[in-house]
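Here's the structure, in structure tokens; my notes come after.
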Amino acid sequence: MEDPRMTRMSRSAIWSVLLGTAMVTPGCAAPSEHVALTALGPLDDHQLAQHLGLGADGGLVAQSAPLASAQGTTMQRMQQTYYGIPVRDRGVVVERDAEGRIVSVRGDLERHLSERLANPEAKITPQQAIESLRRHQDLDAGAELQNVRQQLIIDPRGETPRLVYEVSFFVTTDDHPQRPTGTVDASSGEVLQAWDGLTTGDSAEGSRRSGGFVGPRPSSSDGVN
């Protein structure tokens, strides 16, 4: 007979991997709507997004490979999107059985985005966002930028969600390496946040670059064992 403690540890470890890998940028995360549902049946990803109330323009996209649990189910992290754009810190972990039926869904979502951000269309280009961060850091125009990263995301923090670019690059000035990292408003080009990714241990890479979400580890009240 299988030791139930080992089962709990196995599932707990998977939840920890899927919900605990996202990194937090400086500043506080916005309140979100926690989701904890079970036994939803054979819904595909689109049907699940609609069932969760993400609206006609909302969706869920895979953010990790499926991981097998000790119970024979698979668990996969799904990123919330709006008009195909990742929503920062919002998503769910979906657990399915061997037949593809949804066993459980848990995570954090941002609903009613269409009421607060009707037209998520960038008015500046990715290159302009990079230049905004360069100027904000007072870097010489001739400074060589390396490993440049940028991604368009929706930042739900604050009263009004914003369409922003997450930007980072590596640069060396006066033999001093640094990785300027920041959030740039996709409409105005304003730098909303900026920090050195080398000194904070955070950058616009990894799960943060992909709009990775932060969610609480399920408790016993969520029915996880």
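The numbering of the sequence shown is my numbering, which starts it at 7 and goes up by one.
Where is the CB? At the ideal position from N, CA and C, for every residue including glycine.
What's the call for residue i, buried or exposed, on a 16-neighbour Cβ count within 10 Å?
{"i": "Thr179", "result": "exposed"}
{"i": "Ala55", "result": "buried"}
{"i": "Thr79", "result": "buried"}
{"i": "Glu1", "result": "Nothing can be reported for residue 1, as the shown portion of the chain is limited to 7 through 231."}
{"i": "Asp161", "result": "buried"}
{"i": "Arg112", "result": "buried"}
{"i": "Asp114", "result": "buried"}
{"i": "Glu116", "result": "buried"}
{"i": "Asp95", "result": "buried"}
{"i": "Ala45", "result": "exposed"}
{"i": "Gln133", "result": "exposed"}
{"i": "Gln85", "result": "buried"}
{"i": "Met148", "result": "Checking the displayed sequence, the identity of residue 148 turns out to be Gly instead of Met. The residue is exposed, with fewer than 16 neighbouring Cβ atoms inside 10 Å."}
{"i": "Arg141", "result": "exposed"}
{"i": "Glu165", "result": "exposed"}
{"i": "Arg122", "result": "exposed"}
{"i": "Gly59", "result": "exposed"}
{"i": "Asp6", "result": "Summary: the structure shown does not reach residue 6, with the chain confined to residues 7 through 231, and so no result is reported for it."}
{"i": "Ser225", "result": "With a pLDDT of 39 at Ser225, under the threshold of 50, the modelled position of this residue cannot be trusted, and the question is left open."}
Based on Cα-Cα distance, which residue from the options lies nearest to residue i?
{"i": "Ser138", "options": "Leu198, Gly203, Leu66, Ala74", "result": "Leu198"}
{"i": "Thr189", "options": "Asp181, Asp202, Pro183", "result": "Asp202"}
{"i": "Leu73", "options": "Ala149, Gly64, Asp103", "result": "Asp103"}
{"i": "Gln77", "options": "Gly64, Gly97, Glu101", "result": "Glu101"}
{"i": "Gly106", "options": "Ser174, Gly97, Asp51", "result": "Asp51"}
{"i": "Ala128", "options": "Gln143, Leu145, Ile159", "result": "Ile159"}
{"i": "His118", "options": "Thr205, Ala62, Phe175", "result": "Ala62"}
{"i": "Arg163", "options": "Val93, Ser75, Gly64, Leu204", "result": "Val93"}
{"i": "Gly64", "options": "Ala71, Ser75, Pro126", "result": "Pro126"}
{"i": "Phe175", "options": "Leu145, Ser38, Ala71", "result": "Leu145"}
{"i": "Ser38", "options": "Gln143, Ala71, Pro167", "result": "Pro167"}
Just to confirm before moving on: does the CB-CB distance between residue i and residue j stay below 8 Å?
{"i": "Ser120", "j": "Leu43", "result": "no"}
{"i": "His57", "j": "Leu49", "result": "yes"}
{"i": "Gln82", "j": "Val99", "result": "yes"}
{"i": "Ala200", "j": "Pro186", "result": "yes"}
{"i": "Val177", "j": "Leu151", "result": "yes"}
{"i": "Ala135", "j": "Gly195", "result": "yes"}
{"i": "Gly259", "j": "Ile130", "result": "Here the chain covers residues 7 to 231 and nothing more, so residue 259 does not appear."}
{"i": "Gln53", "j": "Gly97", "result": "no"}
Report yes or no: is there a C-beta of chain B within less than 8 Å of the C-beta of residue i?
{"i": "Val154", "result": "You won't find chain B in this structure, because it holds only one protein chain."}
Determine contact between the segment 76–90 and the segment 140–156, defined as no fewer than three beta-carbon pairs at a distance below 8 Å.
-> no
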